[in-house]
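There are 2 protein chains.
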Amino acid sequence: MTIRTDSISTEDGLARARDLVRPALRDALQRLDTATREVCGYHLGFWDADGTPRAGAGKGVRPALAILSARAAGSDAAVGVPAAVACELVHNFSLLHDDIMDRDTERRHRRTAWALYGESRAILAGDALQSLASELLAEAPSPTSAWAVRCLNAATRRLIAGQAADLAFETRDDVSLDECLAMAAAKTGALMACSASLGAVLADAPSELAMGLTDYGTHIGLAFQLVDDLLGIWGTPERTGKPVLSDLRSRKKSVPVVAAFDAGGPAAEALRSLYALDREMTAAELIEAAELVTDAGGRAWTEKAADRELAAALECLEPLDMPPDVREQFVVLARQLSGRDE
Amino acid sequence: MTIRTDSISTEDGLARARDLVRPALRDALQRLDTATREVCGYHLGFWDADGTPRAGAGKGVRPALAILSARAAGSDAAVGVPAAVACELVHNFSLLHDDIMDRDTERRHRRTAWALYGESRAILAGDALQSLASELLAEAPSPTSAWAVRCLNAATRRLIAGQAADLAFETRDDVSLDECLAMAAAKTGALMACSASLGAVLADAPSELAMGLTDYGTHIGLAFQLVDDLLGIWGTPERTGKPVLSDLRSRKKSVPVVAAFDAGGPAAEALRSLYALDREMTAAELIEAAELVTDAGGRAWTEKAADRELAAALECLEPLDMPPDVREQFVVLARQLSGRDE
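Protein chains in written order, with our numbering: chain D, -18 to 323; chain C, -18 to 323.
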């Protein structure tokens, strides 16, 4: 099956979804108390710390998927909006709390919420977004809204399990590649799978469609995480919003690194020695570590795995019955998320 | 209207609710990843840090209210169980996160979860309980489960607003009594109001009943918080699980203190001076501060306010149509929560 993507601008699809979702997100924030709203709106990029208005942050991949999934079921995009808003809220709740746990002080080229407002207010802001997500989704005018709430919170539970595994990896030096992939599937794949199907759930779609889109979302979520792991080593600060080689600097057990460890051999051993240092790596050592990941085959393995996940995602779409333009946009999003849009 | 309470043992009512809810809570934990489940089960008192099994912690007031509210609507207690579990999960999510924000190292005579497992795992454990609450409630076999999810999360939003206000009070010396009461109504009243009505919502009760029980719950929630504030100054460590005079030690702007400030006069001024000290209060100063709260009328004001809330709660029950034994148990619980059960 050949899919033409040259006529479709992904940016347009994402921008259309953002146009639908951002006003709903802004409205949702109005329900919060002033103090918590301040932190949430800052984090979501609706204003700066001094109150200067901004357009909003984030590419809005999850909202775009949720809206497409409602359209896949033959419904209006509007039917998917509560799902899109809920997924974006859960995603941002997890970012707010992850930044605290990881002690990250920058995100999207701005200070993180906890660094600016303190930990307590950032914890509460995350709690508030998590709660708003279920509140708004439960209000969706659909006979399946309770089922949608169940799906969203089951995905949240898996996302939490993924973050718990990620935390545990920090103090272990025997993380297997399988564990690493399972962690990524949970931490990133679960909410992506939910986003790619939740609009269809609200549209009361046949279960084959909702399940097929869930599988598609799992694969693109994993592909996205693999590409993100590659960018964490080889991405530019402009693209990632983080310092160069940041994942190596923090000795993260990301997939390319664990794949390198797993391959064994002299490069893997040298990389293990650098990861075992009881001091920070020097700039030269960081560059060497990146080269060792490549030499041990960790980079190539991860690139191939991402390609495999992209292919699997596209395969999931094939048997599904949906309007052709919706299918094309799912394809374009999958290619973009797996770094294959250039 | 006279209600006989001498024949009813509150402990029996609470114990019956616990017997229904604890197995469901234990089952719910099985859905979590091992690492997160460990923290949640410790916090809920199902095991100690070394794995030794325990019966579970907490009196289970909210579950008892939720189950009663299903019975008020003429349904079986079982109908209220998902509501009871969800409210208990939200209550415990808030305790887990509040302990981090307040840097409290002891709760229920045991170390708090963050003190034992670290902040990151305690944040995740709270997130997991919040998510489980909506997941389980959404699964309730009731046509009104989505509405119940909406009610629960709206209450959670108010609870968060209350905690945000409480945090903000720490750095303000101009907190008014009205603000203080509004904070207590949000932080404690909102979830208590939800608990007292959520079983009725699941039972698809007439809106007068659900709304009346919500009002009842708001009043007993406030009464409970007022009594809790009194215990925070005059309670024994055995009863509160906290050191004596702990709220004064941390210079909490609890209702008795703010009522004392509000009354003005020499005792209030002396109390303000103690609260403004730039060092910890000595044991003698703590005792003096407690006496000054009494002298300024803060203790009597709070006791009267708690009595007023209890009376208002009982008044809310009067017009509501429900089985007599259920009504009696609501009365007994109200009296117990407002410290009038002796």
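The beta-carbon is built from N, C-alpha and C at its ideal position, and this holds for glycine as well.
As the structure is a prediction and not an experimental result, all values here were calculated from the model.
Straight-line CA distance for residue i to residue j?
i, j, result
"E269 of chain C", "A251 of chain C", "9 Å"
"A149 of chain C", "C21 of chain D", "16 Å"
"K40 of chain D", "L258 of chain C", "50 Å"
"R131 of chain D", "A244 of chain C", "50 Å"
"E323 of chain D", "S227 of chain D", "With a pLDDT of only 45 at E323 of chain D, under 50, the local geometry of the prediction cannot be trusted, and the value read off the model is given with reservation. Near 24 Å, if we compare the C-alpha coordinates of S227 of chain D and E323 of chain D."
"L179 of chain D", "R316 of chain C", "45 Å"
"L110 of chain C", "W95 of chain D", "22 Å"
"V156 of chain C", "L1 of chain C", "41 Å"
"T(-14) of chain C", "V312 of chain C", "For T(-14) of chain C, the predicted structure reports a pLDDT of 43, less than 50, and the residue's modelled location is therefore unreliable. The matter cannot be settled from this model."
"G246 of chain D", "V274 of chain D", "11 Å"
"A142 of chain C", "R308 of chain D", "42 Å"
"A5 of chain C", "G26 of chain C", "14 Å"
"A293 of chain C", "H200 of chain C", "6 Å"
"R(-1) of chain C", "L295 of chain C", "24 Å"
"W215 of chain D", "L207 of chain C", "57 Å"
"G202 of chain D", "R220 of chain D", "19 Å"
"C297 of chain D", "V42 of chain D", "19 Å"
"Q11 of chain D", "V236 of chain C", "28 Å"
"S(-12) of chain D", "E69 of chain C", "Interpretation of S(-12) of chain D is limited by its pLDDT of 45, a score under 50 that renders its predicted location unreliable; the figure taken from the coordinates is listed afterwards. Going from the Cα of S(-12) of chain D to the Cα of E69 of chain C covers about 53 Å."
"P224 of chain D", "P218 of chain D", "5 Å"
"G278 of chain D", "I48 of chain D", "38 Å"
"E189 of chain C", "S319 of chain C", "25 Å"
"S123 of chain C", "E261 of chain C", "54 Å"
"R3 of chain D", "S75 of chain D", "18 Å"
"A16 of chain C", "R289 of chain C", "45 Å"
"A249 of chain D", "D154 of chain D", "13 Å"
"W128 of chain C", "A127 of chain D", "8 Å"
"N134 of chain D", "V71 of chain D", "9 Å"
"S101 of chain D", "M82 of chain C", "5 Å"
"A281 of chain C", "E272 of chain C", "12 Å"
"L(-5) of chain C", "A36 of chain C", "14 Å"
Could you tell me which chain C residues have their CB closer than 7 Å to the CB of residue i, listed as they occur along the chain?
i, result
"V130 of chain D", "S115, A119, A127 and V130"
With distances taken from CA atoms, which of the options is nearest residue i?
i, options, result
"P44 of chain D", "D:G99, D:H24 and D:A114", "D:A114"
"D306 of chain D", "D:M82, D:C175, D:A54 and D:L273", "D:A54"
"A193 of chain D", "D:D185, D:R153, D:L6 and D:A177", "Contrary to the premise, residue 193 of chain D reads as Gly rather than Ala in this sequence. Considering only alpha carbons, the answer is D:A177."
"D(-7) of chain C", "C:L158, C:Q310, C:A271 and C:G198", "C:Q310"
"G32 of chain D", "D:L25, D:A38 and D:E19", "D:E19"
"D14 of chain C", "D:G222, D:T152 and D:A145", "D:A145"
"F205 of chain D", "D:A286, D:R(-3) and D:D185", "D:A286"
"A186 of chain D", "D:N134, D:D8, D:S56 and D:T17", "D:S56"
"H90 of chain D", "D:E272, D:D29 and D:R280", "D:D29"
"A59 of chain D", "D:D147, D:R(-3) and D:V71", "D:R(-3)"
"A166 of chain C", "C:T152, C:D196, C:P300 and C:A9", "C:D196"
"M173 of chain C", "C:A281, C:S101, C:Y256 and C:S50", "C:S50"
"A103 of chain C", "D:A121, D:R84 and D:H78", "D:H78"
"L301 of chain D", "D:A181, D:L267 and D:A265", "D:A181"
"T86 of chain D", "D:L255, D:L267, D:G222 and D:L291", "D:G222"
Assuming residue i contacts residue j (C-beta within less than 8 Å), just tell me the rounded distance between them.
i, j, result
"L211 of chain C", "T93 of chain C", "In fact, because the Cβ distance is near 23 Å, the residues do not count as touching under 8 Å."
"C175 of chain D", "A136 of chain D", "4 Å"
"L118 of chain C", "A191 of chain C", "Not quite, the Cβ-Cβ distance comes to about 15 Å (not below 8 Å), so this is no contact."
"F242 of chain D", "R230 of chain D", "The Cβ separation is near 17 Å, so there is no contact."
"A64 of chain D", "L183 of chain D", "5 Å"
"L349 of chain D", "V62 of chain D", "Beyond the ends of chain D as shown, which are -18 and 323, falls residue 349 of chain D; an answer cannot be given."
"L46 of chain C", "G170 of chain C", "Contact doesn't hold; Cβ gap of about 12 Å is too wide."
"K233 of chain D", "G213 of chain D", "7 Å"
"R88 of chain D", "P304 of chain D", "About 36 Å separates the two Cβ atoms, so there is no contact after all."
"Y23 of chain D", "L97 of chain D", "7 Å"
So residue i contacts chain C; which residues on that side make the cut at Cβ distance below 8 Å?
i, result
"Q310 of chain D", "Correct list: empty, because the minimum Cβ distance to chain C is about 29 Å."
Identify the contact partners of residue i in chain C, using a Cβ-Cβ distance below 9 Å as the criterion.
i, result
"R12 of chain D", "A135 and R138"
Who are the neighbours of residue i on chain D, taking C-beta pairs under 7 Å?
i, result
"T17 of chain C", "I141, A142 and A145"
"A30 of chain C", "Those do not exist, as A30 of chain C stays about 17 Å from chain D at its closest Cβ, beyond 7 Å."
"A149 of chain C", "A16"
For a contact defined as C-beta to C-beta under 8 Å, what are the partners of residue i on chain D?
i, result
"S112 of chain C", "Q111, N134, T137, R138 and I141"
Closer than 8 Å to a non-hydrogen atom of the ligand ZN - does that hold for the CB of residue i?
i, result
"S123 of chain D", "Questions concerning the ligand ZN fall outside what the structure shown contains, since it holds no ligand whatsoever."
Of all the residues that make up the segment 157 to 186 of chain D, which are near chain C by a beta-carbon distance shorter than 7 Å? Look at the segment 157 to 186 of chain D: it has no residue with a C-beta under 7 Å from a C-beta of chain C.
Select from the segment 79 to 110 of chain C all residues with a C-beta closer than 8 Å to any C-beta belonging to chain D, and list them in chain order. Against chain D - using a Cβ distance shorter than 8 Å - the residues of the segment 79 to 110 of chain C are I81, M82, E100, S101, R102, I104, L105, G107, D108 and A109.
What residues in the segment 39 to 51 of chain C have a beta carbon less than 8 Å from any beta carbon of chain D? Result list empty, no residue passes.
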